[in-house]
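Take the sequence shown: its position 65, counting from 1, is numbered 1083 in our numbering, and each next residue is one higher.
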Amino acid sequence: MVITLTKSAVNKLETMKLKEDQSPRIDANVAGGCGMSIKFMLVFEEPRRNDTFIEYGDIQIRIDRFTKRYLDEETQIDYTEEHGFLVGESFASSACSIEVD
């Protein structure tokens, strides 16, 4: 798995003042029922025991096992003033399964 950060994302992360026990982590927000949508975001929380981390210079990005399953092999993190941190490609599936006897 490859995580890349744009220059804009690196600059923002380097200038942020985080609490000592917080670090950036990619999180997946999964919604669905019949069909599914996944939106990735960067959150700042305490590290979890089973997090995987990827170092990008002095920046450490954490990922939990649940989120890691849904990320593409290559994921980019960008930052804009208007939208904040943008992580990878969010996606939606309209597939439904109906069991017929």
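Note that beta-carbon positions come from the ideal geometry of N, C-alpha and C, so glycine has one too.
Just so we're clear, the structure is a prediction, and the values are computed from it rather than from any experiment.
| Query | Result |
| --- | --- |
| Roughly how many whole angstroms lie between the Cα atoms of R1083 and E1099? | 29 Å |
| Can you give me the start and stop residues for the beta strand (DSSP E) that E1107 sits inside? | Careful: E1107 lies outside any beta strand (DSSP E) and carries neither H nor E. |
| By a C-beta neighbour count over all protein chains shown, 10 Å radius and 16 as the cutoff for buried, is G1106 buried or exposed? | buried |
| Please state whether DSSP places N1068 in a helix, a strand or coil. | coil |
| Between which two residues does the beta strand (DSSP E) containing L1023 stretch? | V1020 to L1023 |
| Assuming F1071 and I1079 are in contact, meaning their beta carbons sit under 8 Å apart, how far apart are those beta carbons, in whole angstroms? | 7 Å |
| Going by the CB atoms, is the gap between A1046 and D1096 shorter than 8 Å? | no |
| Can you find the residues in the same chain that come closer than 6 Å, C-beta to C-beta, to D1039, ignoring five residues on each side of it along the sequence? | E1064 |
| Give the DSSP-derived three-state secondary structure of K1035 in the structure shown. | coil |
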